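In the working numbering, the protein residues as written are 49 to 452.
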């Protein structure tokens, strides 16, 4: 059977199991408050071979892990929020592993199961049909929030109604557990989005369903934290830990299993040279939006530079590029969700010095009236945004030929 091999060939049998890792070092959180460290009690293993690579970085701001950063005095994160973030980042690591799994091809296919139709569309069919990976990601986040002991209610794009968790916990979490899940079969980036509010103690006397709804419909101006996690060639946790505290990006270091600060105090450039939109819908757009796109791609806008189009059709991925390079990421239709997507992402963009708008109004100033309320969304560089809005009619109100 192996006669075609040379007699000098040596065949080394594969080991039955993976070799044990090199000597392992236990990492403890270096938090300034012992009771927070006790609450988190999270450890990681790291090969001693990688220690020289990270040891010096850990002494600097840029090398801190997410948990070290929120536990330090410079982040000004209170104890309860630090514990919540520890559980959220663990949930996102699990989702990252799920998305990257070689078995997600079967899991990610559209199909039945779960708690019913996609709540955001109300129909459970078409582009927004709920998928098994959506359901699993939703369950991972819910379990994480419950175990944190810090969340009173969770409102998710995947659930028709908010889930009441605890009467006395301080926070409300709104989330899109797996944005862009329909792209997974093509290995296109996806993401998790969430926002954090304080529980409205003044309505604690109301029936559970009513207070769950009202807590989840808070204005974006009341957000105390927001983040997205990008699942791509790297897994990136981009967060703001409160008004005036900036936007910071942490990259998952696979060698230690921790999110490490790689982009402290992200600032979106005041101008970019990229617009991100599905311009196959050009002929459905209103006149103002068409004029703006025609103008900037011909180099006739305020900057005099020709703009380029970059469109991934993954909201988190398109926004992440925009935060780093500037420009505008947009969906001019009444398509994106105010509660789960527009508010948290606009909060992050504003903390990075940019602007979030529905084409007419600041996103964070819009009072939600429905959990799954949709609206146009424009996010990006402040000067580019103001130039775009100066064209007036940029909201697409008709959707001929394709589903919402």
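Glycine is no exception: its CB is placed at the ideal position from the N, C-alpha and C atoms. If you're wondering where the values come from, they're calculated on a predicted model, not measured in any experiment.
Enclosing alpha helix (DSSP H) for residue i [first to last residue]
i: residue 340; result: 335-345
i: residue 186; result: 180-196
i: residue 139; result: 127-147
i: residue 119; result: 114-119
i: residue 394; result: 391-399
Best match in the options for proximity to residue i [C-alpha to C-alpha]
i: residue 334; options: 220, 381 and 312; result: 381
i: residue 285; options: 359, 139 and 179; result: 139
i: residue 446; options: 331, 363 and 367; result: 331
i: residue 436; options: 353, 363 and 336; result: 336
i: residue 237; options: 343, 130 and 364; result: 364
i: residue 280; options: 369, 136 and 388; result: 369
i: residue 226; options: 429, 389, 431 and 414; result: 389
i: residue 261; options: 309, 232, 125 and 208; result: 208
i: residue 302; options: 144, 189, 120 and 416; result: 144
i: residue 402; options: 441, 355, 342 and 317; result: 317
i: residue 203; options: 235, 240, 263 and 214; result: 263
i: residue 25; options: 416, 135, 309 and 378; result: The requested residue 25 does not occur in the structure, where the chain is confined to residues 49 to 452.
i: residue 276; options: 297, 267 and 266; result: 297
i: residue 416; options: 265, 311 and 228; result: 265
i: residue 453; options: 180, 181 and 259; result: In the structure as shown, the chain begins at 49 and stops at 452. Residue 453 is therefore absent and cannot be evaluated.
Residue i - DSSP class collapsed to helix/strand/coil
i: residue 274; result: strand
i: residue 306; result: strand
i: residue 225; result: strand
i: residue 254; result: coil
i: residue 441; result: coil
i: residue 352; result: coil
i: residue 362; result: coil
i: residue 171; result: The predicted position of residue 171 is uncertain, since its pLDDT is 41 and thus under 50; a value taken from the coordinates is nonetheless stated next. If DSSP states are grouped into helix, strand and coil, residue 171 belongs with coil.
i: residue 124; result: coil
i: residue 177; result: coil
i: residue 385; result: strand
CA-to-CA distance, residue j to residue i, given in whole angstroms
i: residue 128; j: residue 243; result: 15 Å
i: residue 178; j: residue 252; result: 32 Å
i: residue 103; j: residue 147; result: Since pLDDT at residue 103 reaches only 40, below the 50 mark, its modelled position is unreliable, and no value is offered.
i: residue 205; j: residue 271; result: 18 Å
i: residue 197; j: residue 220; result: 12 Å
i: residue 211; j: residue 411; result: 25 Å
i: residue 77; j: residue 396; result: Low local confidence applies: a pLDDT of 37 at residue 77 is under 50, so the model's placement there is unreliable, with the coordinate-based value given in what follows. Each residue's alpha carbon lies about 26 Å from the other.
i: residue 391; j: residue 347; result: 32 Å
i: residue 434; j: residue 255; result: 43 Å
i: residue 167; j: residue 353; result: Model confidence at residue 167 stands at a pLDDT of 48, short of 50, so the residue's coordinates are unreliable; what they give is reported in the following sentence. Cα-Cα distance, rounded: 42 Å.
i: residue 91; j: residue 414; result: In this prediction, residue 91 has a pLDDT of 36, which is less than 50 and means its spatial position is unreliable; what the coordinates show is noted afterwards. Those two C-alpha atoms are separated by around 41 Å.
i: residue 186; j: residue 250; result: 28 Å
i: residue 222; j: residue 359; result: 26 Å
i: residue 409; j: residue 394; result: 12 Å
i: residue 150; j: residue 184; result: 16 Å
i: residue 314; j: residue 287; result: 10 Å
i: residue 345; j: residue 327; result: 12 Å
i: residue 293; j: residue 257; result: 33 Å
i: residue 112; j: residue 124; result: 15 Å
i: residue 322; j: residue 189; result: 33 Å
i: residue 427; j: residue 351; result: 18 Å
i: residue 320; j: residue 349; result: 12 Å
i: residue 295; j: residue 374; result: 15 Å
i: residue 404; j: residue 132; result: 26 Å
i: residue 283; j: residue 299; result: 6 Å
i: residue 120; j: residue 267; result: 29 Å
N- and C-terminal bounds of the beta strand (DSSP E) containing residue i
i: residue 244; result: 238-246
i: residue 425; result: 422-428
i: residue 214; result: Here residue 214 belongs to no beta strand (DSSP E), and DSSP marks it neither H nor E.
i: residue 235; result: Per DSSP, residue 235 belongs to no beta strand (DSSP E) and is neither H nor E.
Beta-ladder partner(s) of residue i, from DSSP
i: residue 298; result: 285 and 309
i: residue 377; result: 324 and 427
i: residue 404; result: 427
i: residue 279; result: 238 and 283
i: residue 204; result: 223
i: residue 410; result: 405
i: residue 260; result: Per DSSP, none; premise fails for residue 260.
i: residue 199; result: 219
Heavy atom of the ligand PLP within 7 Å of residue i beta-carbon
i: residue 200; result: Looking at this structure, you won't find the ligand PLP or any other ligand, since it has none at all.
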